[in-house]
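Worksheet: the structure to be examined is printed underneath.
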Amino acid sequence: MDEFLTNSKNFFSEVNKLKGYTLTFEHLGARKNNGYVDEKSEKKINSQMEAINNKFRKVSTDLKNNLENSTSELSSNNVENFEYKTKKIHVHSQTKALTSAINEFRDVQYRYKKEEEEKFKLQFSIAKPDANEKEINECISEDRGEAILASAFALGSNSAKGILDEAKKRKTNIQKIAKIIQELIEMLNILNNAIYAQHDVVDDIGQDLTTAHENTEAANVDLNAALDYQTRASRIKRILFGIVITIIIVAVVFVVVKLAFNTGYYPQGNEFHYFF
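Per UniProt numbering: the sequence shown = residues 1 to 276.
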């Protein structure tokens, strides 16, 4: 159980890492699309964004596989005890956390893809001013895009060819983004199915919370009773201790007086007076 809880803690730590990747990717996208970026800087940003995509893909895939293993283990050890229920709740929370992180990254990818498409349209329109909206949209699509782009590239001027070349690179980037989004959607489908399959866990959580609340109230009553008992016991102990000390003092005084009487002397000041 300790190992499972440690792994669960590490799982959520990795999910936070995914959220960090999302923020970094969003920041890089803002740098690229807000303001002027020269070709060298854009190429560098693209490389950084691709690296983030690869990291996100690896970590999210590993976490998904871990969830599948945990789910399989729970299915093979279906014993309704505290440990089993605790693991089920953890796996459910892990699934929801990973789903949320992937959703956030997918949303960022969607926005980035939209921005890249707008830039592509602008570049294509500059290089081929007579292009209509339909032609531009078709060029972005996977089917006829390459043919339209190649035709425009062949017929354009040298300056237009340069712009079209950049547009072609951007189109390749858009296709990469679309592929990543599709991968994320497929992973989300798997996780959403897992969450749906865990619907009984939600009921269990509600029941467990109710039971926990009742147990907590009962525990508080027991605790108050215990504290009251402890307070009364401590008070009695102090009283008994005081009585014992008093008895000891009285006994010592009695012994001293008794000895003094038997030996015939008593103390007065710094001298001893004897009786004969």
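Idealized CB from N, CA, C, for every residue including glycine. A quick note: this is a predicted structure, and the numbers were derived from the prediction, not measured.
Inspect the CB distances between the stretch 105 to 125 and the stretch 29 to 36 and report whether three or more fall short of 8 Å. yes
Which residue marks the beginning of the alpha helix (DSSP H) containing V108, and which one marks its end? For the purposes of this step, residue 108 is taken as residue 108 along the sequence shown, with counting starting at 1. It spans 82 to 127 - the alpha helix (DSSP H) in which V108 sits, taken as one unbroken run.
For T6, collect the residues of the same chain with a Cβ closer than 7 Å to its Cβ; drop the 5 residues on either side in sequence, then sort them by chain order. As a position in the sequence shown, residue 6 is number 6, starting the count at 1. Cβ within range, chain order: n/a, list empty.
In this structure, does DSSP put N77 in helix, strand or coil? Counting from 1 along the sequence shown, the entry for residue 77 is found at position 77. DSSP places N77 in coil when its eight states are reduced to three.
Measure the alpha-carbon distance for I181 versus N54 and round it to whole angstroms. For the purposes of this step, residue 181 is identified with residue 181 of the sequence shown, where counting begins at 1. For the purposes of this step, residue 54 is identified with residue 54 of the sequence shown, where counting begins at 1. Approximately 13 Å, taken between the alpha carbons.
Taking the C-alpha atoms as reference points, what is the distance between I89 and Q175? Translated into the one-based positions of the sequence shown, residue 89 becomes position 89. Translated into the one-based positions of the sequence shown, residue 175 becomes position 175. Spanning the two alpha carbons is a distance of roughly 39 Å.
Please check the pair F12 and A101, which I expect to be a contact at CB under 8 Å, by giving their CB distance rounded to whole angstroms. Working through the sequence shown from its first residue, we reach residue 12 at position 12. Working through the sequence shown from its first residue, we reach residue 101 at position 101. At roughly 10 Å, the Cβ-Cβ gap does not stay under 8 Å, so F12 and A101 are not in contact.
Residues in the same chain with beta-carbon distance under 8 Å from D99, minus the five sequence neighbours each way, listed in chain order, please. Working through the sequence shown from its first residue, we reach residue 99 at position 99. Per the sequence shown, residue 99 should be read as Thr rather than Asp. Only L188, L191, N192, I195 meet the Cβ criterion.
Is the beta carbon of V108 less than 8 Å from the beta carbon of T22? In the sequence shown, counting from the first residue as 1, residue 108 sits at position 108. In the sequence shown, counting from the first residue as 1, residue 22 sits at position 22. Closer than 8 Å, so yes.
Can you list, in chain order, the residues of its chain with a C-beta nearer than 7 Å to that of I126? Leave out the 5 residues immediately preceding and following it. Counting from 1 along the sequence shown, the entry for residue 126 is found at position 126. If we look at I126 and ignore the five residues flanking it on each side, its Cβ neighbours are I163.
Quick check: the Cα distance between K17 and I136, rounded to an integer number of angstroms? Translated into the one-based positions of the sequence shown, residue 17 becomes position 17. Translated into the one-based positions of the sequence shown, residue 136 becomes position 136. Between K17 and I136, the C-alpha separation is close to 38 Å.
Is the beta carbon of F120 sitting closer than 8 Å to the one on A131? As a first step, residue 120 is located in the sequence shown; it is residue number 120 there, counting from the start. As a first step, residue 131 is located in the sequence shown; it is residue number 131 there, counting from the start. For F120 and A131, no; Cβs fall outside 8 Å.
Segment limits, alpha helix (DSSP H) that includes D2: Translated into the one-based positions of the sequence shown, residue 2 becomes position 2. In the DSSP annotation of this structure, the continuous segment of the alpha helix (DSSP H) that includes D2 starts and ends at 2 to 33.
Secondary structure at A51, three-state DSSP: helix, strand or coil? In the sequence shown, the residue the question calls residue 51 occupies position 51. Of the three classes helix, strand and coil, the one that applies to A51 here is helix, per DSSP.
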